[in-house]
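Structure first, then comments.
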Amino acid sequence: MKVLVTGGLGFIGSHTVVELQKEGYQVVIIDNLSNSSIEVLDGIVAITGKKPIFEQLDLRDKTKVQGFFKQHQDIKGVIHFAASKAVGESVKKPLLYYENNINTLVYVLQELEKLEIANFIFSSSCTVYGQAEKMPITESAPVQKAESPYGNTKQIGEEIIQDTCKINPKVQAIALRYFNPIGAHQSVKIGELPIGVPQNLIPYITQTAGGIREQLSVFGDDYPTPDGTCIRDYIHVVDVAIAHVIALQRLLATKNEINFEVFNLGTGTGSSVLEVIESFERVSGEKLNYKIVARREGDVISAFADTQKANKYLGWKTELTLDDAMLSAWKWQQSLNKD
Ligand code: UFG
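For any residue, its number in my numbering is found by taking its place in the sequence shown, counting from 1, and adding 1467.
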C-alpha cells in the first residue's frame, strides 16, 4: 500500500518513514531538502533495509505537485510534514511561512481530492492552545490567537482541512497536535539535524555537552512553577512516529468517527527545563554548563497534554521516557561529532 510522506527526510518525517516501512507500507517521500539532508535516506535504508521512493520536489510548485499526483494515483494516504517550523524566523519572514506552510497544503489537498482514496494526516502543534488555562490540555481547550506566523499557519492549516472535509466527505483527515518531540532513533542512524544555532532546548543541550556551544542559557527561573523554569511535555520522536502510523491505519480501516479528527500527541507529563537538564546529566554522565538568563519572549509558562483521547481512540500511548529520549539525543550528538 502506497503512502506519501511530504517532508519525509525531516526530523519527525524520517522517523515516521521508518515506522511505516516496518509495517510494510510502500513509502514515497517528497522533500525539497530546504531543511534536511539527502543522507537521511541512507539512514532510513540502514534501519529498514528498504529504500523509499524519493522525489526532490518543492511543493510550492503547483504544476510539479499536479504532475507528481498524476504519476502516483494509487496513493492511499498522505502524511504531510513539509513545512517551515522556526518560530523566530516566522516572525521575521511571515510571507515565506504562509507560502511554505499554507500554499503547499492547499496544493496537496487539491490533488488529494482527486484521488480515489483521500486519507490525510496533518502535522499540527500544541502551539494552537497558546497558554491554556487548564493543565493537562485536552483537545477541546480553546484555540487561542497565535503568537507567531508559524503558529498561525498551524491554526489556519487545521481550518483549511476542516473546511475541506466539511464539503467533501471523501476526504478523511486527522490533525496531530504535537507537544515537544525530541530524541533520536535508537539505532543512532537518524535524528534531529538543526541547521545553525539550535533554537530548541534539547539540541542546544547536546551541542553544549558536545563542545559545539559554550553554554546553555536557561530562559527564566522566575515562572510560577515548582522550580521556576517553564514546563513542557517532551515526547520521544519514535512515539510520535508510531502515532502517525496508527492514525493512518485508523483512516484506512474507516474507524474514524468524523472525517476531521484532532489528537494531542504528548506523554501527559510536564517536565521543567531544570528537570530536562537533570535527566540529561543522569543518562549521559556529563555535567552541563548552563546559566539562568532572562525569560525568552513568547514562551508559555506550562504546556502538557491530556492524552486520554489518543489513548482511547488511537489505542496509543507513549512507550519511551524522558531519559530514553535524552540518552538517544546524546548518542545521536556523539555520532555527529564523530563525522
Ligand atoms: N529553552 C531554554 N534555553 C534554550 C532553548 C529553550 O531555556 O536555549 C527553554 C524554553 O524557554 C522553553 C523550553 O526550553 O521553556 C522548551 O523550548 P523549545 O524551544 O525547545 O520548545 P518550545 O516549547 O518553545 O517550542 C516548541 C516547538 C515549536 C512549537 C512550540 C509549541 O519548537 O515549534 O513548541 O508550544 F511552536
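Think of the CB as a built atom: it goes at the ideal place given N, C-alpha and C, for glycine as much as any other residue.
query = Who's in the neighbourhood of the ligand UFG, going by beta-carbon under 7 Å from any heavy atom, listed in chain order?
reply = LYS1552, VAL1554, SER1592, CYS1593, THR1594, TYR1617, GLY1618, ASN1647, GLN1666, ASN1667, LEU1668, ILE1669, TYR1671, LEU1683, SER1684, VAL1685, PHE1686, GLY1687, THR1696, CYS1697, ARG1699, VAL1740, ARG1763, ASP1766, VAL1767, ALA1770
Nearest candidate by alpha-carbon position, reference PHE1686, set PHE1730, VAL1507, ASP1766 = ASP1766
message = Taking 8 Å as the limit between beta carbons, can you name the residues of its chain near ILE1514, skipping five residues before and five after?
response = VAL1485, HIS1652, SER1654, LYS1656, ILE1657
query = Which residue spans inside the stretch 1728-1800 form an unbroken alpha helix (DSSP H) run of at least 4?
reply = 1740-1751
key: Cβ-Cβ distance between PRO1648 and VAL1704 below 7 Å   = yes
query = To which residues of the same chain is GLU1512 closer than 7 Å at the C-beta, ignoring the five residues directly before and after it?
reply = According to the sequence shown, residue 1512 is Val rather than Glu. For VAL1512, where only same-chain residues beyond five positions count, the Cβ hits under 7 Å are LYS1518.
inquiry  = Determine whether the beta carbon atoms of ASN1726 and GLN1639 lie at a separation below 7 Å.
reply    = yes
query = Would GLN1611 pass as a contact of GLY1597 if the rule is Cβ separation under 7 Å?
reply = yes
request  = Identify every residue that forms a DSSP beta bridge with LEU1683.
outcome  = TYR1757
request  = Could you tell me which residues DSSP pairs with LEU1471 in its beta bridges?
outcome  = VAL1495, VAL1545
query = Hey, VAL1729 and GLU1606: beta-carbon distance below 7 Å or not?
reply = yes
request  = Within 10 angstroms of the Cβ of ASN1499, are there 16 or more other Cβ atoms? Answer buried if so, exposed if not.
outcome  = buried
query = Leaving out five residues before and five after VAL1575 in sequence, what residues of the same chain have Cβ atoms less than 7 Å from its Cβ?
reply = THR1473, LEU1526, VAL1532, VAL1545, HIS1547
request  = Kindly give me the distance between the Cβ atoms of THR1675 and VAL1740, rounded to whole angstroms, as I take these residues to be in contact under 8 Å.
outcome  = At roughly 13 Å, the Cβ-Cβ gap does not stay under 8 Å, so THR1675 and VAL1740 are not in contact.
Start-end ranges of the beta strand (DSSP E) lying completely within the stretch 1643-1682, minimum 3 residues = 1647-1649
key: Check whether VAL1558 and SER1615 have beta carbons under 7 Å apart   = yes
ask   = Are GLY1650 and ALA1770 touching if we call contact CB-CB under 7 Å?
value = no
inquiry  = Measuring straight from C-alpha to C-alpha, what distance separates LEU1668 and LEU1660?
reply    = 13 Å
task = Enumerate in chain order the residues of its own chain whose CB-to-CB distance from LYS1529 is below 7 Å, with the five nearest sequence positions on each side excluded.
result = TYR1574
ask   = What do you reckon, is the C-beta of GLN1801 under 6 Å from a heavy atom of the ligand MG?
value = For the ligand MG, the structure offers nothing, since it holds only the ligand UFG.
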